[in-house]
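A.B. asks: Here's a structure for you.
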Amino acid sequence: MTRSFGEYIDGTPYKVLDERVIRASAGIMLFLGLIAFVNGFVLNKYDVIPYISGFLVLNFSIG
Numbered sequence: 009m010t011r012s013f014g015e016y017i018d019g020t021p022y023k024v025l026d027e028r029v030i031r032a033s034a035g036i037m038l039f040l041g042l043i044a045f046v047n048g049f050v051l052n053k054y055d056v057i058p059y060i061s062g063f064l065v066l067n068f069s070i071g
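Position 42 of the sequence shown, counted from 1, bears residue number 50 in this note's numbering, the numbering being contiguous throughout.
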């Protein structure tokens, strides 16, 4: 089973992603990274870092 993201546009043989969606995703990832940074280095709470880093790896592999 193969999953792919994006949609075909006339004249291109490959799928493309919407740039606005990618930029919005980057903003959300920046916010989540900031939450992980504050929790880890300011509050000394390291419980959330593995979950956020796993989500970031998944998002980087998709986009």
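Note that the Cβ used here is the ideal one computed from N, Cα and C, for glycine as well.
1. What whole-angstrom Cβ distance do Gly14 and Leu25 have, given they're in contact under 8 Å?
2. Under the DSSP definition of a beta bridge, which residues are partnered with Lys23?
3. For Ala44, count neighbouring Cβ atoms within 10 angstroms of its own Cβ and tell me buried if that reaches 16, exposed if not.
4. Nearest to Ser61 by alpha carbon, out of Asn52, Ala32, Gly41?
5. Can you give the Cα-Cα distance for Ile17 and Asp55, rounded to whole angstroms?
C.D. replies: According to the structure data:
1. Sure, about 5 Å apart at Cβ, within 8 Å.
2. Per DSSP, the beta-bridge partners of Lys23 are Tyr16.
3. Buried, by the Cβ-count rule.
4. Of Asn52, Ala32, Gly41, the residue nearest in Cα terms is Gly41.
5. Looking at the two C-alpha atoms, the distance is approximately 43 Å.
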